Every structure is written in C-alpha cells, then in structure tokens.
Amino acid sequence: MGVEICVEGLTKSFGHQVIWQDVSLTLPAGEVSVMLGPSGTGKSVFLKTLVGLLKPERGSITIQGRDITRLREHDLYEVRKLFGVLFQDGALFGSMNLYDNIAFPLREHTRKSESQIRRIVLEKMDMVGLIGAEGKLPGEISGGMRKRAGLARALVLDPEIILFDEPDSGLDPVRVAYLNQLIVDLNAQIDATFLIVTHDIASARQVPDNIGLLFRRELVMFGPREELLTSDEPVVRQFLNGRMQGPIGMAEEKDAAQVEQELAQLGDAGHTTTPGSQELPPRLLPGPGITRPARWQAIAEREGALRRREVAGA
Ligand SMILES: Nc1ncnc2c1ncn2[C@@H]1O[C@H](COP(=O)(O)OP(=O)(O)OP(=O)(O)O)[C@@H](O)[C@H]1O
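Here the sequence shown is numbered in full-length UniProt numbering, starting from 1 and rising by one per residue.
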C-alpha cells in the first residue's frame, strides 16, 4: 500500500519571486492524483519540493509521521527511497543499454546479487512491455519506449510514491492512451501513491482519483476528480476546456472586467450556471485480468450518485 503525503501551508520562493504560497493538500495513500496548471506555475518545483530536492520557506510535508522539510540530509536520503520519479525525458544514461539503465538504482542503492537484479529488472521491463529491448540504447528507441524504460527504472526499488513529470509530453495521442492505461494498470497492481504533472487534459479527465490546479501562485482547487471536472470555478473550467476566454491570459492573469466580458460573450458566466452542471466523463479502468483496488467500489458509487443527480437535473 502506498503512503499518504500531507502538505500544509507550503510556500516556495526563489529570491523575491514567490512560486506558490500556502499550498495545502493530502495525496491519499494508493490513489492517483494529477497536478495541472499553466506553464511556469511551479508544478515541477512542487514535485522537486515533495522529494526534498528543494527546500520550501514555510509549511510542512508529512510522510509516515515525519515532516521531511525538517530532516537532515542523511534522513532525507532514507525518505527518498520511498519515491520513484519519472522525469520528462526518462533521464536515461545515453551510453547504457536499457537493461543497465533499469538495473542502475539496484546496483547503486542495494547489495543484491546480479541474479536477483536480473529477476527484478526483467519483471519491471515485462510490466511496462519492454521485454526483448534489453540490449537497446536509449538513442535507438522511440520517445514512448524511453518513457516506459524510465518508468521501469522508477519501479525497481518498489517505491511507495511515484512522481511523474509530464509523462505524456512529446508522445502522439495513441502512445498517450497506452501510457495512461499502463499508469492505471500499474497503480492497481502495485498500489503506490501516484502524482502526475501533465498538460494533457484528456489524461487528467480519465486517469486520476484527484485533481489539483495551480494558478496565480496558489492552489486554486484540489479534490476528487468528479468535483473538479464538474466545477464551475472559472479558472478550473477555462483550463479543463483549454480555451482562451477566462481568467488565464497568455502571460499573466487578465483583469476582472475583461474576464467578465469574455465569459458573458461565451454565454458561460461561471456564477450564473448551476453548481456542478459540468458533465463527468468516464474513468479509465484497469485492463482485463487486473484486480481493481478496494477504493474503486467507493469511487464508482460516488460517481454513480453524481450521474444520477445529473440525469435528474437534466
Ligand atoms: N532552481 C531554480 N531557481 C530559480 N528559479 C527557478 C528554479 N527552478 C524553477 N524556477 C522558476 O520557477 C518557476 C516555475 O517553474 P516550473 O518549471 O516548476 O513550472 P511548471 O509549472 O512546471 O512549468 P511547465 O508547465 O512549463 O513545465 C519558473 O518561473 C522557473 O523559472
């Protein structure tokens, strides 16, 4: 079972530039959460702060009863072993074949024998569909395969928490669909806590249990998928619909009068619609033969109730 991460009142700045402030959220154990936000709102900085690579100015990050923002380097090293991180480009070593890339954390951080390492590496390569590609160099394979190799490497130390930094960037829609299915299947199989930073709205709609949105140096919302997807909050709606009209501008936020005018022209002033009037798209389910975690029952009931309310209100 993955572990819960509890973030309270977190603030991160670089010099005078506040990246985000007073961020509070709980990533529930074993669930998949997605963090959205316009470019430059500090999503990657958030991931790096969670894993202890960046120090926040204020607030706490509690994992297994310890506030990791206050740990010394040695203790932090231990906590980091709970994490697997999939970086944007897979962060593979170009001169090593996939087998050696994936074996690397085991050789660095454990005393396992080469035969034990072989068993683990092949098991993880099998999970991500890379059996047969052990001898390939990163430069010889596609972007999608590199992501999957990076994911296999993030899995070898059996992490309790996996952070994904834009796993879908640079992939075509079909590869993104396969990767999303792999993420949902993996979460059902290993039950770790997942946090995914993405710009892909289709993925954000289908994959997670929870969604958060960073904007204007704050966490605008964080909550169950169905709450965000049916929200009438103008920033959330603009972002999830990928449109220009709304509070989010090209470089900065827009002024209130302009936003009001745009939303009125769109016939979509957030405050005049019925709360929760947005449609809830279906969730991506684990593939055939994969046992669904216990929480799926509760989620299905919650979403079913919401759909019934939608139908009754239509
Ligand atoms: N080490 C650093 N020192 C100073 N500023 C930094 C550092 N790392 C990030 N920043 C700044 O923090 C801000 C947020 O960056 P970050 O990469 O987290 O944004 P993001 O939301 O992930 O963006 P994108 O969606 O485009 O990847 C940017 O203005 C960036 O320049």
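Ideal Cβ positions, reconstructed from N, Cα and C, are used throughout, including at glycine.
Bear in mind the structure is a predicted one, so any value in this text is a computation, not a measurement.
Residue pairing by DSSP places residue 27 opposite 5 in a beta bridge. For residue 212, the uninterrupted beta strand (DSSP E) run begins and ends at 210-215, by DSSP. Cβ neighbours of residue 94 within its own chain (closer than 8 Å, five residues either side excluded): 137, 138, 139. Counting only runs that start and end inside the segment 160-236, the alpha helix (DSSP H) elements of at least 4 residues fall at 173-190, 201-206, 225-229. Going by DSSP, residue 87 is part of no alpha helix (DSSP H) at all; its letter is neither H nor E.
In this structure, residue 228 keeps its C-beta atom at 9 Å or more from the C-beta atom of residue 219. Taking C-beta atoms as the reference points, residue 28 and residue 188 fail to come closer than 9 Å. DSSP places residue 79 inside the alpha helix (DSSP H), whose first and last residues are 73-80. Between residue 201 and the set 194, 193, 167, the nearest pair of CA atoms involves 167. Residue range 114-127 is occupied by the alpha helix (DSSP H) that includes residue 127. Taking C-beta atoms as the reference points, residue 106 and residue 120 count as a pair closer than 9 Å. Under the 10 Å beta carbon count, residue 238 is surrounded by 16 or more other beta carbons and is classified as buried.
No heavy atom of ligand 1 is found nearer than 8 Å to the CB of residue 215.
Annotation for residue 61: the continuous beta strand (DSSP E) segment containing it runs 58-63.
Nearest in C-alpha terms to residue 241, of all of 22, 36, 23, is 36. Assigned with DSSP and collapsed to three states, residue 33 falls in strand.
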